[in-house]
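Residue numbers (our numbering), protein chains in the order written: chain A, 4 to 234; chain B, 4 to 234. Note that the Cβ used here is the ideal one computed from N, Cα and C, for glycine as well. For reference, the structure is listed below as structure tokens.
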């Protein structure tokens with residue numbers, strides 16, 4: 004093999020995008036999947052994936068594939084990693100670039116999904132996914148947790164206004180562990196990234212629980228820090 | 004365009020790897036580059052890059068390319084991101100997967116580099132790099148800083164034994180800002196991740212400065228937390 008292969012003498016590859024879309028509802032994190040439409044593993048649960056074409060960037064391919072398979076549009080997606088093991092796809096050599104996104108299921112239009120073959124599954128069912136998709140989900144969850152521990156993300160999984168109880172449920176789902184309520188509240192409030200609203204959520208108790216929102220400053224900070232590799 | 008292109012009807016791409024190798028010496032972070040050997044932009048400074056071939060994983064391609072162009076072996080590399088904009092490479096459509104690595108220049112065998120066309124440049128000269136390599140370096144630096152702020156990395160840029168002054172110099176170079184010596188030491192020591200050795204570095208003062216090493220526990224923790232996507 005020559006030291007530096009030129010453009011014309013190098014191999015070319017199928018490149019896929021796989022979208023890992025998380026939702027949070029009823030204290031549970033869920034994953035959006037679809038029934039694979041082609042062989043091999045036709046009919047098995049798969050991440051929202053497809054092949055990149057030459058007239059689009061990799062990032063645009065992810066948006067197109069997500070929209071074509073689920074109807075979802077305008078969802079902010081962040082690249083997780085690229086999977087390039089030789090045999091990850093048994094049918095052919097395919098290099099896959101994964102993206103993850105967070106959806107607030109309360110705001111989400113469920114009707115849309117029923118028009119497609121897309122369905123939400125709990126994280127606990129992810130071992131049934133095809134190929135190395137389970138690994139991809141694990142890696143995306145690890146990234147999500149890392150960002151959440153810096154309170155840099157996770158809020159997208161919640162409605163714009165949320166109670167501290169909802170926020171705690173989310174963190175308990177993310178880390179698969181029960182958290183001490185008082186310590187959690189103390190920690191979150193000490194970060195000074197939330198504004199307490201005058202409204203209360205009275206759906207679960209007569210006394211009610213205050214709604215909170217991310218402060219404008221913190222929202223601006225999050226926007227600035229968000230990865231947006233132009234690719 | 005059909006909704007889900009099949010293996011046989013999808014386009015295939017040149018896939019490249021680009022290695023971003025940082026070194027730290029004399030309070031300065033440096034980047035390893037080589038003189039590009041093919042057109043376009045022949046002779047211009049480039050990241051250590053090359054094309055992936057079909058008989059290797061993407062990760063192995065990065066190791067092979069690094070070794071072929073610089074002689075370096077057994078360097079731990081971590082994937083940063085994939086760059087898939089249509090026109091990022093003016094000569095052809097190329098999707099590039101980048102990796103970053105940290106080298107302790109004190110331990111490094113400079114003779115090795117002189118046998119190749121590889122050279123270290125200060126970060127301040129990175130705007131001369133070809134294509135989108137400057138963006139790739141910026142993104143790798145952002146990742147490095149994020150990890151360093153959690154004291155999760157950065158130590159690889161230092162010798163196994165280092166003084167707190169050396170550690171502070173590194174952080175000042177990473178964040179491009181002078182740090183208060185007392186606060187920095189207080190912070191680092193409060194993390195309890197370092198063991199102070201009995202030896203002193205007497206090269207810069209008669210009194211000398213204690214050498215420190217990462218504690219075994221912390222080294223084990225870092226190993227565990229390191230991304231190692233099997234790709």
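For residue 13(A), the chain B residues whose Cβ falls inside 7 Å of its Cβ are 17, 54, 56, in order along the chain. Contact note: residue 223(B) does not reach chain A at a C-beta cutoff of 9 Å; the least C-beta distance is about 18 Å. Distance from the Cα of residue 220(A) is smallest, within the candidate group 198(A), 210(A), 77(A), 105(A), for 198(A). Under the DSSP assignment, residue 201(B) falls in the beta strand (DSSP E) whose first and last residues are 197–204. When secondary structure is reduced to three states using DSSP, residue 55(B) falls in the coil class, being assigned neither helix nor strand. The beta carbon of residue 158(B) lies closer than 7 Å to those of 217 in the same chain, with the five residues before and after it left out. Around the beta-carbon of residue 35(A), 16 or more other beta-carbon atoms lie within 10 Å, marking it buried.
Contact between the segment 67–85 of chain B and the segment 101–110 of chain B is present: 3 or more CB-CB pairs across the two stretches fall below 8 Å. Selection 211(A), 58(A), 51(A), 20(A) evaluated against residue 124(A) yields 51(A) as nearest (Cα-Cα).
If you draw a 10 Å sphere on the C-beta of residue 127(B), you find fewer than 16 other C-beta atoms in it, and that means exposed.
Secondary structure note for residue 36(B): its beta strand (DSSP E) is the uninterrupted segment 31–38. DSSP places residue 166(A) outside both helix and strand once states are collapsed to three, so it counts as coil. Rounded to the nearest whole angstrom, the C-alpha separation of residue 65(B) and residue 53(B) is 8 Å.
Taking a Cβ-Cβ threshold of 7 Å, the residues of chain B close to residue 9(A) are 41, in chain order. Going by beta carbons, residue 119(A) and residue 74(A) fall inside the 7 Å limit. Looking from the CA of residue 162(A), the closest CA among 149(A), 178(A), 57(A), 27(A) belongs to 27(A). The shortest C-alpha to C-alpha distance from residue 44(B) to any of 208(B), 71(B), 93(B), 201(B) is the one to 93(B). Classified as exposed, residue 211(A) has fewer than 16 neighbouring CB atoms from the shown chains inside 10 Å of its CB. Shown here, residue 174(B) sits in a helix according to DSSP, grouped into three states. For residue 81(A), there is no enclosing alpha helix (DSSP H); the enclosing beta strand (DSSP E) covers residues 81–86.
Put simply, of 96(A), 86(A), 90(A) the residue whose alpha carbon is nearest the alpha carbon of residue 100(B) is 86(A). The residues 36, 37, 39, 132, 133, 136, in chain order, have a CB closer than 7 Å to that of residue 49(A) in the same chain once the five nearest residues on each side in sequence are set aside.
Taking 7 Å as the CB threshold, residue 212(A) stays off the interface with chain B. A straight-line Cα-Cα distance of about 19 Å links residue 72(A) and residue 17(A).
The beta carbon of residue 143(B) lies closer than 8 Å to those of 23, 25, 83, 101, 103 in the same chain, with the five residues before and after it left out. In the DSSP assignment, residue 24(B) is bridged to 104(B). Proximity to residue 223(B) across 184(B), 196(B), 191(B) peaks at 196(B), based on C-alpha coordinates. Distance from the CA atom of residue 116(A) to the CA atom of residue 70(A), rounded to whole angstroms, is 11 Å.
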